[in-house]
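Per my numbering, the sequence shown starts with residue 4, numbered consecutively.
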Amino acid sequence: MSVITIDFETYYSKTYSLTKLTTEEYVRDSKFEVIGVAVQDSGASYYHSEAAAPLWFSGSKRKTAEFLAQFDWENSTVVAHNALFDMAILNWHFDIKPKKIRDTVAMSRALHTVEVGHSLAELSEYYKLGAKGTEVHDAIGKKRLHFTPTELKGYAGYCIQDVALTQKLYDILRKDFPAIDLALIDLTTRMFTEPALELDKDVLHGHLKQVLEDKETLMKKVSHDKKQLTSNNQFAELLEGYGITPPTKISLRTGKKTFAFAKTDEEFKALQDHCNPQVQAIVAARLGIRSTIEEKRTQRFLAIAERGKLPIPLRYYAAHTGRWGGTDKINMQNLPRGSKLKYALCAPTGYTFVDCDLSQIEARMLAWLANEETLLDAFTEGKDVYKIMAASIYKKKVEDISKEQRFIGKQTVLGCGYGMGALRFQTQLKAFGVELDSKECQRIINVYRDTYPDIPALWKKADASLGFIKDNRQSKLGRGGVLHIDGADGIRLPNGLYVKYPNLRTLKGDDGIKSEKVYETRRGKSLIDTRIYGGKVIENVCQALSRIVIGEHLLAVSRRYKVVMTVHDAIGCIVPSDEAAEGLSFVEDCMKVQPKWAPDLPLDCEGGTGRSYGDC
Numbered sequence: 004m005s006v007i008t009i010d011f012e013t014y015y016s017k018t019y020s021l022t023k024l025t026t027e028e029y030v031r032d033s034k035f036e037v038i039g040v041a042v043q044d045s046g047a048s049y050y051h052s053e054a055a056a057p058l059w060f061s062g063s064k065r066k067t068a069e070f071l072a073q074f075d076w077e078n079s080t081v082v083a084h085n086a087l088f089d090m091a092i093l094n095w096h097f098d099i100k101p102k103k104i105r106d107t108v109a110m111s112r113a114l115h116t117v118e119v120g121h122s123l124a125e126l127s128e129y130y131k132l133g134a135k136g137t138e139v140h141d142a143i144g145k146k147r148l149h150f151t152p153t154e155l156k157g158y159a160g161y162c163i164q165d166v167a168l169t170q171k172l173y174d175i176l177r178k179d180f181p182a183i184d185l186a187l188i189d190l191t192t193r194m195f196t197e198p199a200l201e202l203d204k205d206v207l208h209g210h211l212k213q214v215l216e217d218k219e220t221l222m223k224k225v226s227h228d229k230k231q232l233t234s235n236n237q238f239a240e241l242l243e244g245y246g247i248t249p250p251t252k253i254s255l256r257t258g259k260k261t262f263a264f265a266k267t268d269e270e271f272k273a274l275q276d277h278c279n280p281q282v283q284a285i286v287a288a289r290l291g292i293r294s295t296i297e298e299k300r301t302q303r304f305l306a307i308a309e310r311g312k313l314p315i316p317l318r319y320y321a322a323h324t325g326r327w328g329g330t331d332k333i334n335m336q337n338l339p340r341g342s343k344l345k346y347a348l349c350a351p352t353g354y355t356f357v358d359c360d361l362s363q364i365e366a367r368m369l370a371w372l373a374n375e376e377t378l379l380d381a382f383t384e385g386k387d388v389y390k391i392m393a394a395s396i397y398k399k400k401v402e403d404i405s406k407e408q409r410f411i412g413k414q415t416v417l418g419c420g421y422g423m424g425a426l427r428f429q430t431q432l433k434a435f436g437v438e439l440d441s442k443e444c445q446r447i448i449n450v451y452r453d454t455y456p457d458i459p460a461l462w463k464k465a466d467a468s469l470g471f472i473k474d475n476r477q478s479k480l481g482r483g484g485v486l487h488i489d490g491a492d493g494i495r496l497p498n499g500l501y502v503k504y505p506n507l508r509t510l511k512g513d514d515g516i517k518s519e520k521v522y523e524t525r526r527g528k529s530l531i532d533t534r535i536y537g538g539k540v541i542e543n544v545c546q547a548l549s550r551i552v553i554g555e556h557l558l559a560v561s562r563r564y565k566v567v568m569t570v571h572d573a574i575g576c577i578v579p580s581d582e583a584a585e586g587l588s589f590v591e592d593c594m595k596v597q598p599k600w601a602p603d604l605p606l607d608c609e610g611g612t613g614r615s616y617g618d619c
């Protein structure tokens with residue numbers, strides 16, 4: 004199969020660019036224009052001649068379409084650096100859908116952590132491919148016809164070089180890249196570039212109206228105006244009027260004292276439960292008025308609805324565990340449970356939305372990895388593991404466990420598997436409206452660890468594995484040695500990719516006695532030290548292994564139906580309406596298939612169908 008590498012150069016200005024707009028907004032905008040495109044086709048005769056440089060073309064949209072038509076897209080693997088952008092252009096403007104899609108940015112994210120950034124310039128330098136050209140700065144605000152022949156020639160050289168570097172980079176990255184993950188990059192890209200979901204404008208308008216009305220309702224409950232509630236200084240004065248000293252903190256950015264009024268600040272969160280109902284009301288009003296996430300997200304969906312179907316933007320390998328993340332200012336991964344917005348995401352006419360979620364996948368993976376047979380048997384036999392846990396906590400028969408006690412059992416199973424301490428467990432429960440003192444939380448944690456002793460034993464083994472990584476030695480971890488410790492490379496997963504802990508080292512505490520292990524992670528352009536310990540390692544690998552499982556299921560479902568999204572451990576696809584029940588059954592069957600490396604992993608899933616995502 005021929006490999007075609009492509010790069011578009013497009014019009015941009017101070018206000019209209021990818022730094023100001025999302026990819027979807029930019030590519031679908033009426034101002035969008037292709038300045039030129041460079042293409043390198045490994046199967047073409049020109050490629051094997053002495054003049055093997057990529058071809059460049061600059062012309063009208065019609066002429067560009069004619070230029071692109073000479074390539075066999077339907078039978079080629081198409082490579083781009085940031086494929087969401089280039090493939091969106093190919094499909095949305097030229098109706099081209101390649102046979103296979105590869106993205107060197109996505110591949111780099113899977114292979115590298117902090118050792119290199121993922122820009123073409125950084126990767127070219129890292130792999131010694133040659134220096135990337137300097138961007139044509141005088142191109143800003145200039146349409147294609149505004150360029151002189153000399154300027155276009157400069158642009159051509161710049162674009163041709165990008166394509167040549169991308170091709171070289173792909174040849175390097177693909178050597179040891181898992182075939183299954185190449186297929187997942189393809190699928191992830193198509194969720195965005197080949198959208199199928201329609202947006203119900205009536206639902207969106209109704210939801211936006213409700214969001215704004217809810218804010219007005221909050222305002223009416225308090226006797227203060229919007230500025231008093233939103234201004235930090237004026238809100239601090241309000242608190243003082245109620246006899247409360249405004250909570251403060253030291254800003255990590257400036258190093259100066261500032262008000263601790265963020266929704267994540269512990270002292271501010273405590274004010275939500277203040278004994279004075281009026282204090283509770285003004286805190287709730289401030290949070291509600293200042294929060295614009297739901298309002299902006301709804302407005303963004305409405306804007307997209309005017310332009311066409313909903314592309315689902317997902318960032319492949321957004322975390323070092325391989326999990327997908329939201330991007331393009333639409334993070335489907337954090338859409339609130341029960342959000343009305345879900346009812347606006349609809350299958351097209353003649354199709355039904357199918358959504359299916361792996362049940363307790365990480366808890367099941369943990370039990371399997373730790374060889375915790377008691378818990379595994381409960382999962383395998385379809386028992387209510389949350390009630391079983393609650394029965395141990397409260398020393399009751401399973402049949403006597405109340406709904407509230409089962410909830411505690413659920414949070415224990417889902418939250419205590421990675422070495423969580425009492426304080427954090429207490430905070431987690433409080434977020435769900437459950438108030439327990441620290442002593443009771445510690446008792447529950449102890450019961451969990453005594454009930455399933457193989458799990459804390461696995462934490463200890465994982466902590467020892469960190470020593471092997473730090474000392475660049477080999478070892479194995481988990482059930483059947485499914486995880487390989489490859490020295491400084493990190494923990495090799497069954498798919499051949501790694502969970503990495505770069506620059507792993509031990510730091511002494513301020514007392515000179517206590518110590519902790521840290522590794523480097525990237526935050527923006529900065530490297531920061533992140534604490535790591537056995538329980539956290541197990542959380543990382545359980546997430547990574549679960550991601551591999553859901554990835555295999557995604558590909559299995561996609562062989563029959565169009566997959567439109569994945570959220571955490573769920574798969575969303577569309578099926579012909581006249582085979583909705585059959586489609587749901589097929590997806591459920593796919594999601595119960597164990598991976599070859601874990602044939603005894605007990606899997607289960609839960610799904611539904613409907614006109615919209617919310618109906619499922």
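Even glycine gets a Cβ: it sits at the ideal position worked out from N, Cα and C.
Which residues mark the beginning and the end of the beta strand (DSSP E) in which residue i is found?
i	result
D44	37-44
T251	251-253
D453	Premise fails: D453 lies in the alpha helix (DSSP H), 441-454, not in any beta strand (DSSP E).
L480	477-480
I333	Element bounds for I333: n/a, residue is neither H nor E.
Where do the ends of the alpha helix (DSSP H) carrying residue i lie?
i	result
C545	537-561
L1	Shown here, the chain extends from 4 to 619; a query on residue 1 therefore has no answer.
G493	Run containing G493: none; DSSP gives neither H nor E here.
V416	406-418
T569	No alpha helix (DSSP H) contains T569, which is instead part of the beta strand (DSSP E) from 565-570.
Q429	425-434
I391	388-397
K272	269-274
L486	Premise fails: L486 lies in the beta strand (DSSP E), 486-489, not in any alpha helix (DSSP H).
Which value, in whole angstroms, describes the spacing of the CA atoms of residue i and residue j?
i	j	result
A54	N475	With a pLDDT of 47 at A54, under the threshold of 50, the modelled position of this residue cannot be trusted, and the question is left open.
I458	I447	15 Å
D189	R112	15 Å
A263	S254	9 Å
V544	N449	23 Å
K224	A284	7 Å
P250	E243	11 Å
P351	N94	19 Å
R525	M568	27 Å
L290	L176	46 Å
Q414	H556	27 Å
D489	D10	36 Å
S52	G46	At S52, the pLDDT of 47 sits below 50, so the modelled position is not reliable; the number obtained from the coordinates is stated separately. Rounded to whole angstroms, S52 to G46 spans 11 Å at the Cα level.
Y245	G412	39 Å
E118	Y173	18 Å
S234	M222	15 Å
T454	A393	11 Å
K433	D276	10 Å
I307	L313	7 Å
A425	Y501	31 Å
T8	V42	6 Å
Using DSSP with H/G/I as helix, E/B as strand and the rest coil, what is residue i?
i	result
S52	Reliability fails at S52, whose pLDDT of 47 lies under 50, so the model's placement of it is uncertain and the value that follows must be treated cautiously. Three-state DSSP puts S52 in coil, outside helix and strand.
S615	strand
T233	helix
F471	helix
F264	coil
P505	coil
D603	coil
A373	coil
K66	helix
S518	strand
L200	strand
D457	helix
From the DSSP output, which residues share a beta bridge with residue i?
i	result
L71	Its beta-bridge partners do not exist; DSSP assigns none.
S529	R526
I7	D44, V81
P579	Y354
F60	V40
E12	G39
Notebook entry, point to check: What are the complete alpha helix (DSSP H) segments, minimum 4 residues, inside the segment 136-193?
Noted result: You should have 152-176.
Check: Fully enclosed by the segment 74-124, which alpha helix (DSSP H) runs are 4 residues long or longer?
Finding: Counting only runs of 4 or more residues that sit fully inside the segment 74-124, the alpha helix (DSSP H) segments are 86-97, 107-114, in chain order.
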